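Asks: A single structure is presented below for examination.
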Amino acid sequence: MIGEALIQGLIEKLLERMREVETIKGPQNVHGYSLLRLAAIAERAKHGKPVMEPYGSSREFMGLDDLVFLPAMIDTFPVDPFKVRTKAVIGAKAARPLELETPIMISAMAYGLSVTEATKIAVAKASARAGTATNSGDAGFCEAERRYARKYIVQFNRARYGNSEDELRRADAIEIRFGQGALAGLPEVIEGDDMDEDIARQLGVRPGQSVTRPIRHKEMSSPSDLKAVVERLRSLTGGVPIGAKIAAGRIEADLAHVVDAGCDFITVDGAQGGTAGSPEVIINNVGLPIIYAIPRVNRYLVERGVRANISLIACGGLKDAGDFMKALALGADAVYSAQSVLTAMVYGQAEKLPPGTSPAELYLYWGKHGDKLDIELAAKSIANFVKASTQEMAMIAGAVGKNDLNLVNMDDLAALTEHAAVVTGVQRAW
Numbered sequence: 342m343i344g345e346a347l348i349q350g351l352i353e354k355l356l357e358r359m360r361e362v363e364t365i366k367g368p369q370n371v372h373g374y375s376l377l378r379l380a381a382i383a384e385r386a387k388h389g390k391p392v393m394e395p396y397g398s399s400r401e402f403m404g405l406d407d408l409v410f411l412p413a414m415i416d417t418f419p420v421d422p423f424k425v426r427t428k429a430v431i432g433a434k435a436a437r438p439l440e441l442e443t444p445i446m447i448s449a450m451a452y453g454l455s456v457t458e459a460t461k462i463a464v465a466k467a468s469a470r471a472g473t474a475t476n477s478g479d480a481g482f483c484e485a486e487r488r489y490a491r492k493y494i495v496q497f498n499r500a501r502y503g504n505s506e507d508e509l510r511r512a513d514a515i516e517i518r519f520g521q522g523a524l525a526g527l528p529e530v531i532e533g534d535d536m537d538e539d540i541a542r543q544l545g546v547r548p549g550q551s552v553t554r555p556i557r558h559k560e561m562s563s564p565s566d567l568k569a570v571v572e573r574l575r576s577l578t579g580g581v582p583i584g585a586k587i588a589a590g591r592i593e594a595d596l597a598h599v600v601d602a603g604c605d606f607i608t609v610d611g612a613q614g615g616t617a618g619s620p621e622v623i624i625n626n627v628g629l630p631i632i633y634a635i636p637r638v639n640r641y642l643v644e645r646g647v648r649a650n651i652s653l654i655a656c657g658g659l660k661d662a663g664d665f666m667k668a669l670a671l672g673a674d675a676v677y678s679a680q681s682v683l684t685a686m687v688y689g690q691a692e693k694l695p696p697g698t699s700p701a702e703l704y705l706y707w708g709k710h711g712d713k714l715d716i717e718l719a720a721k722s723i724a725n726f727v728k729a730s731t732q733e734m735a736m737i738a739g740a741v742g743k744n745d746l747n748l749v750n751m752d753d754l755a756a757l758t759e760h761a762a763v764v765t766g767v768q769r770a771w
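Quick note on numbering: the sequence shown equals residues 342 to 771 in the working numbering.
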């Protein structure tokens, strides 16, 4: 796995050797190779295995920075940000809609397969304080997280970890996971050496047992089988919103089955989405950036006449209130945030770590300093981030003359480049 220690050690050695015989073109590249690519090549040569990479893509995908909001002046008057409505509803047509104080939700992070139990408790407490929801992640229902979360979304995963009927009944929404931006829909192997007692208990297997998460849901031999899965989950849970999570790819073809199955929401994960560890070749070469995906999803749902029935949740590389609000303007009803949430969580706690240590050591399950995480401070920091970001989104809405985050749309945006205009359908600034 490419990490900071590798970058500081291996890269320095590579650069030192190359400086002896060649000229380096720029501080971040060697003959057109980024330092991360050099490190990945070295890892493959050393171990003969695919390189795994934490976080998100290391390449520069097109983001949302080429879009700007248009301020209300005379033709349209601005609105006091304190009078802007920030509530969000997921699955408005469901028997039990998921109602939130903010459209910013805490994204899927799996206990044991990604983060520590302390981290899950912190995000759960933060989500309750901020009036939003948190997502179980691919390890399914986590009892400690459910205990503190006011609104809890459980992923219905292909391996059925944490997916007993009793656990699913305690969810406020169910997200059928088909894939994610950083991993696509690939199966995942958990080696026995990594399977300690806590993870084994969470996954329902023996300690030391190697397991492979299957590549598809066992009930689905064809796409049309999704409808029966959705109906069973809806009946089991008493009508909470049932949705599907997909990596952005063949969007319209995948959405056709989501619509036909009667899903209440769709979660689309862009190529910039991160994870605790996925193949580097997938992270950087498979999937569409979120700026391409949101308009396509929204347009398809409108064309099918089901936009009011199906909520759109966007994620994958959205960093702050500006990104969140642009995602909503392009058509999303809510957003997930993970890396920014984790960054906010460890703010003020990094000084507990030895110099040069990644803050991720505080929250990753296999990190060496997870015991140092102050849960209450972490929860407060996350809640502060979500609340502040929600206020900033209200400021943007007020600045464009809207009194509700849900009313901000593509007409309130302008594209600074031809590419961004063509991709999104947003008006050209010129």
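All C-beta atoms in this analysis are idealised placements derived from N, C-alpha and C, irrespective of residue type, glycine included.
No experiment lies behind these values; they were computed from the predicted model shown.
#1: State buried or exposed for Glu363, treating a residue as buried only when at least 16 other CB atoms are found within 10 Å of its CB.
#2: Start and end of the beta strand (DSSP E) containing Asp610?
#3: Are there three or more Cβ pairs, one per stretch, closer than 8 Å when the stretch 695-712 is compared with the stretch 473-483?
#4: Could you name the residues of the same chain whose beta carbon sits closer than 8 Å to that of Met446, not counting the 5 residues immediately before and after it, in chain order?
#5: Nearest to Glu593 by CA position, among Gly533, Lys559 and Val638, is which residue?
#6: What is the residue span of the alpha helix (DSSP H) that Ser678 lies within?
#7: Met751 by DSSP, collapsed to three states: which one?
#8: Which residues bound the beta strand (DSSP E) around Phe410?
#9: Put Glu363 into one of helix, strand or coil per three-state DSSP.
#10: As an exercise, report each continuous beta strand (DSSP E) stretch of at least 3 residues that is fully enclosed by the stretch 591-641, in chain order.
#11: With distances taken Cα to Cα, identify the nearest neighbour of Val627 among Leu441, Ala612, Ala541 and Ala634.
#12: Tell me the rounded alpha-carbon separation between Ala668 and Arg573.
#13: Whose C-beta lies closer than 8 Å to the C-beta of Asp407 among residues of the same chain, with five residues either side of it excluded?
#14: How about Arg518 and Gln550: are their beta carbons less than 8 Å apart?
#15: Taking DSSP's pairing of strands, which residues face Gly584 in a bridge?
#16: Could you check if Pro582 is buried or exposed, using at least 16 other CB atoms within 10 Å of its CB as the buried criterion?
#17: Measuring CB to CB, does Thr553 end up less than 8 Å from Lys586?
#18: Report the rounded CA-to-CA distance for Leu694 versus Tyr452, giving the unit in angstroms.
#19: Can you check whether the CB of Pro444 is closer than 8 Å to the CB of Ala459?
#20: Which value, in whole angstroms, describes the spacing of the CA atoms of Asp566 and Asn498?
#21: For Pro412 versus Met736, is the C-beta distance shorter than 8 Å?
#22: Taking 8 Å as the cut-off, decide whether the C-beta atoms of Arg426 and Asp752 are in contact.
#23: Comparing alpha-carbon positions, which option in Ile651, Leu441 and Gly614 lies nearest Pro630?
#24: Using the C-alpha atoms, what's the distance from Leu377 back to Pro391?
#25: By DSSP's criteria, Val456 is part of a beta bridge. Which residues make up the other side?
#26: Label Asp595 either buried or exposed according to how many other C-beta atoms from any shown protein chain fall within 10 Å of its C-beta, with 16 as the threshold for buried.
#27: What are the start and end residues of each continuous alpha helix (DSSP H) run of 4 or more residues lying completely inside the stretch 708-747, in chain order?
#28: Which partner residues does Ser652 have in the DSSP bridge list?
#29: Which residues does DSSP list as the beta-bridge partners of Val682?
#30: Are the beta-carbon atoms belonging to Asp479 and Leu509 less than 8 Å from one another?
#31: Checking 8 Å against the spacing of the C-beta atoms, do Pro620 and Met414 come in under that value?
#32: I'd like the list of long-range same chain contacts for Tyr502, defined as Cβ closer than 6 Å, with 5 residues on each side in sequence excluded.
#33: Can you give me the Cβ contacts of Gly533 inside the same chain, cut-off strictly under 7 Å, excluding the 5 residues immediately before and after it?
#34: Which whole-angstrom value describes the C-beta separation of Gln680 and Leu718, a residue pair presumed to lie in contact below a C-beta threshold of 8 Å?
#35: Look up Tyr489 in the DSSP assignment and say whether it is helix, strand or coil.
Replies: Answer, in terms of the structure:
#1: For Glu363, the predicted structure reports a pLDDT of 43, less than 50, and the residue's modelled location is therefore unreliable. A value from the coordinates is still provided. It is exposed - the Cβ of Glu363 has fewer than 16 other Cβ atoms within 10 Å.
#2: Annotation for Asp610: the continuous beta strand (DSSP E) segment containing it runs Phe606 to Asp610.
#3: The stretch 695-712 makes no contact with the stretch 473-483; the number of CB pairs closer than 8 Å stays below 3.
#4: Answer for Met446: Ser468, Thr473, Ala474, Thr475, Asn476, Ile494, Ile654, Ala675, Val676, Tyr677 and Ser678, listed in chain order.
#5: Minimum Cα distance to Glu593 is reached at Val638.
#6: No alpha helix (DSSP H) holds Ser678; the beta strand (DSSP E) holding it covers Ala675 to Ser678.
#7: Met751 falls in the helix class under three-state DSSP.
#8: For Phe410, the uninterrupted beta strand (DSSP E) run begins and ends at Leu408 to Phe410, by DSSP.
#9: Because Glu363 sits at a pLDDT of 43, beneath the cut-off of 50, its placement in the model cannot be relied upon, and the following sentence gives the value as read from the coordinates. Glu363 falls in the coil class under three-state DSSP.
#10: Within the stretch 591-641, the complete beta strand (DSSP E) runs of at least 3 residues are 606-610 and 616-620.
#11: Among Leu441, Ala612, Ala541 and Ala634, the Cα nearest to that of Val627 is on Ala612.
#12: The straight-line gap from Cα to Cα measures roughly 31 Å.
#13: Closer than 8 Å at the Cβ level, and outside the excluded window around Asp407, lie Ala756, Leu757, Thr758, His760 and Ala761.
#14: Their beta carbons are not under 8 Å apart, which means Arg518 does not touch Gln550 by this criterion.
#15: DSSP, once it has assigned bridges, lists Glu516 and Phe606 as partnering Gly584.
#16: Note on Pro582: 16 or more other CB atoms within 10 angstroms of its CB, so buried under the neighbour-count rule.
#17: In this structure, Thr553 keeps its C-beta atom at 8 Å or more from the C-beta atom of Lys586.
#18: Straight across, the Cα-Cα distance linking Leu694 with Tyr452 is about 22 Å.
#19: Inclusion of Ala459 and Pro444 in the CB contact set at 8 Å is not warranted, their separation being larger than that value.
#20: If I take the Cα positions, the gap works out to 16 Å.
#21: In this structure, Met736 does not lie closer than 8 Å to Pro412 by Cβ.
#22: In this structure, Arg426 lies away from Asp752, with their beta-carbon atoms at least 8 Å apart.
#23: Nearest of Ile651, Leu441 and Gly614 to Pro630, Cα basis: Gly614.
#24: Straight-line Cα distance between these residues: approximately 14 Å.
#25: Paired residues: Tyr452 and Leu705.
#26: Per the 10 Å Cβ criterion, buried.
#27: Fully enclosed alpha helix (DSSP H) runs of no fewer than 4 residues occupy 716-740 of the stretch 708-747, in order along the chain.
#28: Bridge pairing for Ser652: Phe606 [DSSP].
#29: Note: Val682 sits in no beta bridge, so no partner.
#30: Their beta carbons are not under 8 Å apart, which means Asp479 does not touch Leu509 by this criterion.
#31: Taking 8 Å as the cut-off, the Cβ atoms of Pro620 and Met414 do not count as close.
#32: Ala480, Gly481 and Leu544, listed in sequence order.
#33: Contacts found: Gly549, Gln550 and Ser551.
#34: Actually they do not touch by this definition, with Cβ atoms about 19 Å apart.
#35: Three-state DSSP puts Tyr489 in a helix.
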